[in-house]
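Taking it in order: structure first as structure tokens, then the write-up.
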Amino acid sequence: MYNADKIIPALIIFFLLITLPFWYSWASGKAAYAPEPEIITQEKQCLETKQWMREKHMDLLTEWKESAVRQGKRTYVARDGREYEISLTATCLRCHSNKAEFCDRCHDYVGTKPDCWHCHTPPEAPAR
Amino acid sequence: MLEKALSGGRRYRGWLVFLGLLTVLGLIFYLRQLSYGLGITGMGRDVSWGLYIANFTFLVGVAASAVMVVLPYYLHNHQEFRGITVLGEFLAVAAVFMAVSFVIVDLGQPSRLFYLALYPSPSSLLFWDMVVLAVYLLLNIVIGWTTLDAEHKAEPPASWVKPLILLSIPWAISIHTVTAFIYSGLGARPFWLTALLAPRFLASAFASGPALLIIMCLIIRRATKFDPGKLALERVGQIVTYAMIVNVFFLLMEFFTVFYSKIPEHARHFQYLLFGLEGKATLVPWMWTSLLLAALALTLLINPGTRRREATLAVACLAVFLSIWLDKGLGLIVPGFIPSPLGEITEYWPTAPEALITLGIWALGFLIVTLLYKVAISVSEETPA
Amino acid sequence: MKVSRRGFLRLGGLAVLGLLIRPAFDSWSGNGVARSSAAARGLVAKKWAMVIDLSACLTSDGCRDCIEACHSVHNVPALTNPKHEVKWLWKVPYAAAFPDQEHAFIAAGLRETPSLVLCNHCERPPCVSVCPTRATWQREDGIVMMDYHRCIGCRYCMAACPYGARSFNWVNPRPFIAEIEPGFPTRTRGVVEKCNFCEERLAQGLLPACVEACPHQALVFGDLANPDSEVRRLLSSRYSIRRKPGLGTEPKVYYIR
């Protein structure tokens, strides 16, 4: 190939740059752990199972937003039939009030910044 | 063909760099606006739209004005417009781009821009304006590029272009009518609540757009070998003349209705604009400047001697452009909010960041025009006549 | 490889159909998020309206109880720059609220009487027609709602409101909230906000904060569609006016004296 001595190194650099998100955290040691959110609440059980929540809490909150704000429906019927008030602050954060040790642990790990907190006030974390 | 935009002399490159720097400056201040909020501008609770929306309104008009050179050529076969139509179309592309950019920088939550498409609201004129502007942008890009490409290859353009061109003619009218409807349907703002607003918009568009086109043709003729032809410039000059006459006539019609009926709800906005209200008169000198420029422009344009002489034509076109920018931009948007619905008089003046962001978008628009025109001119310089 | 135009379009069409796989799978597997039902204990009405008794309302004595209640319950910020002001409920002189009712020889003091103004929750709201994303809409019970998640901050609704009832967050409002009420969200910069007739309190069976806070019972809230409601009783027995009735917006905030 023409100019192989320029193209091949350039290709290698390009490949490294383009795959940066995949190897950076491993290389810097920042992702060498699994996130461990801490739950400090008296309640024994969340609205749904831990696995379900892990997969779907984003969808749940989106649907809650639609239901409470746009349809005026404020009662959520969980899959086990129990009813809860649809409210991020009054329902979810009542138990998970330690945002820094719970919500932020996973969010920071995966690098997302949910902008819910611009408006929804996280409560004061309770004293240990 | 795009590679033609990348080659050019020192003046060309220097011009591009200059515009690029202004654009970057505007971008830096836009980032500051993103982090601080729209409070960085001069807008407020009472005057909630300002320089950005003023420029948006004006530029939609410039974009629509392409129809004034497309229609005579494609519908009525006036051959003298041949060289100019692609310039008009490319100007429309840049103008629509700038107009939409001004809407984006005016949004409080620009990351939610695509909600306009995700949650369409057919009752909202802003929704329809985004639809018609998007289609118009596409139309002009496709038409301009394919006709230029055909000229480049010295063949006739593909047959499917003609219906698109014919569509672009009423579509150009529609974009500015819909923009006028944004304002003219609001019972809350008696200053805008007039059936005459859409005709006023169209008349001022058909004066200001072609005026800019003439100025740019004169510059291009000096800087390159491209010559649109004396007849083309004369014809476009006549179009500017008639459009400006109609525009000023419509303005005088507004003055009559408002000042003869003396209805305070309508009259107070005009009083603020022309004479000031309760001692507040920030816009008064600008409005009178606009009127004087209009008078100067009409004098130079109606008199055939001064219209045909290029130096005076250039002055007249500059006067038309500035006069309409002042009248349709600041002179239309801001007085709509003064006095407020509660009768309060809160004045507006753009802040420095606001002005620099505006300048940045204008620079970006001129950058696009320069690049596209370079391609068009290079093609026509190559193609044997 | 040579693909004909028809072949390409066919392939493309099939590829687009592939986008349907995920939604089909989701609905078949029942993995959608579960249902919700309307609250049982909320206050319901067919047409919420408010009557403000200008003679009982003693804002001229400096009383601001309703305003303080509303603004504190809803985390309305107190901006120092008047251009950036955010207000849901406030006082203006009578002549400003009712420009078509005032004249040179009006009763002593009436012109200057502070009148409470707020969003009128119009029956024919112009702000709702102009919103390009339906971030503001009219609910069935007549309340004109705001969805702060959807607002793109274009401020078209502010231009369309004939009453100046809407405010925009020109800057981040949080630093300007004295004490954040955690039960209600704040807003973020870049969205428009206004009185919401306390729809979140209505859902809990409570009256609007301003109505409850008024020490003079000057604010009455009720159902226009119910002929026995107090709002209807007041409107049928007292002289009532509304702001800018000639515009046809059919405001649902009435003023009596």
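For the protein sequence lines, the chains are D, R and E, in the order given. In this text, residue positions in the first sequence follow my numbering: the first is 83, and each later residue adds one. In this text, residue positions in the second sequence follow my numbering: the first is 44, and each later residue adds one. In this text, residue positions in the third sequence follow my numbering: the first is 8, and each later residue adds one. Heads up, the beta-carbon is just placed ideally off N, CA and C, and yes, glycines get one too.
Item to check | Beta-carbon contacts of residue 146 of chain R that lie in its chain and below 6 angstroms, excluding the five residues immediately before and after | outcome: 99
Checklist entry - When the Cα atoms are used, what is the spatial distance from residue 178 of chain D to residue 78 of chain E? => result 27 angstroms
Checklist entry - Quick check: the stretch 282–291 of chain R against the stretch 242–260 of chain R, are there 3 or more CB pairs under 8 angstroms? => result yes
Item to check | Selection from E:113, E:55 and E:226 that minimises the alpha carbon distance to residue 234 of chain E | outcome: E:55
Checklist entry - By the criterion of Cβ-Cβ separation under 7 angstroms, what are the contact partners of residue 190 of chain E in chain D? => result 171 and 172
Next on the checklist: With a threshold of 8 angstroms between beta carbons, is residue 81 of chain E in contact with chain D?
Outcome noted: no
Next on the checklist: In the DSSP assignment, the alpha helix (DSSP H) including residue 56 of chain E goes from what residue to what residue?
Outcome noted: That residue, residue 56 of chain E, is in no alpha helix (DSSP H); its beta strand (DSSP E) goes 55–60.
Next on the checklist: If you reduce the DSSP assignment to three classes, tell me which class residue 263 of chain E lands in.
Outcome noted: strand
Next on the checklist: Quick check: what's the CA-CA separation for residue 62 of chain E versus residue 225 of chain E?
Outcome noted: 8 angstroms
Item to check | Short Cβ contact (8 angstroms threshold) for residue 110 of chain R with residue 257 of chain R | outcome: no
Checklist entry - Looking at the structure shown, is residue 57 of chain R part of a helix, part of a strand, or coil, going by DSSP? => result helix
Next on the checklist: Under 7 angstroms: does the beta carbon of residue 167 of chain R sit that close to some heavy atom of the ligand GTP?
Outcome noted: Among the components modelled here there is no ligand, and therefore nothing to report on the ligand GTP.
Next on the checklist: Using only the alpha-carbon positions, how far apart do residue 163 of chain D and residue 127 of chain D sit?
Outcome noted: 14 angstroms
Next on the checklist: Quick check: the Cα distance between residue 151 of chain E and residue 125 of chain D, rounded to an integer number of angstroms?
Outcome noted: 37 angstroms
Next on the checklist: Determine, for residue 173 of chain E, whether the minimum Cβ-Cβ distance to residues of chain D falls below 8 angstroms.
Outcome noted: no
Checklist entry - Terminal residues of the continuous alpha helix (DSSP H) containing residue 110 of chain R? => result 110–117
Item to check | Under 8 angstroms from the C-beta of residue 230 of chain E: neighbouring residues of chain D | outcome: Neighbours of residue 230 of chain E on chain D: none; closest Cβ ~16 angstroms, over 8 angstroms.
Item to check | Simplified DSSP state of residue 175 of chain E, which is helix, strand or coil | outcome: strand
Next on the checklist: Short of 8 angstroms in beta carbon distance, which residues of its chain neighbour residue 22 of chain E, apart from the five on each side in sequence? Order them along the chain.
Outcome noted: none
Checklist entry - By the criterion of Cβ-Cβ separation under 9 angstroms, what are the contact partners of residue 389 of chain R in chain E? => result 89 and 90
Checklist entry - Taking only beta-carbon atoms, is residue 178 of chain E less than 8 angstroms away from chain R? => result yes
Checklist entry - Is the CB of residue 167 of chain E under 8 angstroms away from at least one CB in chain R? => result yes
Item to check | Closest residue to residue 203 of chain D among E:95, E:15 and E:180 (Cα-Cα distance) | outcome: E:180
Item to check | Minimum length 4: unbroken alpha helix (DSSP H) runs contained in the stretch 115–187 of chain R | outcome: 128–149 and 158–161
Next on the checklist: Measuring only the C-alpha atoms, how far is residue 111 of chain E from residue 100 of chain E?
Outcome noted: 14 angstroms
Checklist entry - Of the residues that make up the stretch 141–152 of chain R, which ones have a beta carbon closer than 9 angstroms to any beta carbon in chain E? => result 146, 149, 150, 151 and 152
Checklist entry - Which residue's Cα is closest to the Cα of residue 92 of chain E: E:19, E:175 and E:162? => result E:175
Next on the checklist: Suppose the cutoff is 7 angstroms on Cβ atoms and the five residues either side in sequence are ignored; what does the same chain contact list for residue 97 of chain D look like?
Outcome noted: none
Item to check | Within chain E, the residues that residue 241 of chain R reaches when beta carbons sit closer than 7 angstroms | outcome: In chain order: nothing, as chain E lies at least about 17 angstroms away.
Checklist entry - Can you name the start and end residues of the beta strand (DSSP E) that residue 84 of chain D belongs to? => result Run containing residue 84 of chain D: none; DSSP gives neither H nor E here.
Checklist entry - Are the beta-carbon atoms belonging to residue 391 of chain R and residue 90 of chain R less than 8 angstroms from one another? => result yes
Item to check | Contacts of residue 143 of chain E in chain D (Cβ-Cβ under 7 angstroms) | outcome: The premise fails here: residue 143 of chain E is roughly 11 angstroms from chain D at the closest Cβ pair, so nothing lies under 7 angstroms.
Checklist entry - If you count every other CB in all the chains shown that lies within 10 Å of the CB of residue 38 of chain E, and 16 or more means buried, which is it? => result In this prediction, residue 38 of chain E has a pLDDT of 49, which is less than 50 and means its spatial position is unreliable; what the coordinates show is noted afterwards. The residue is exposed, with fewer than 16 neighbouring Cβ atoms inside 10 Å.
Checklist entry - What did DSSP end up calling residue 155 of chain E once you bin it into helix, strand or coil? => result coil
Item to check | Buried or exposed by the 16-neighbour rule on C-beta atoms within 10 Å, applied to residue 165 of chain E | outcome: buried
Checklist entry - Quick one: complete alpha helix (DSSP H) runs, 4+ long, within the stretch 345–415 of chain R? => result 347–351, 353–367 and 374–379
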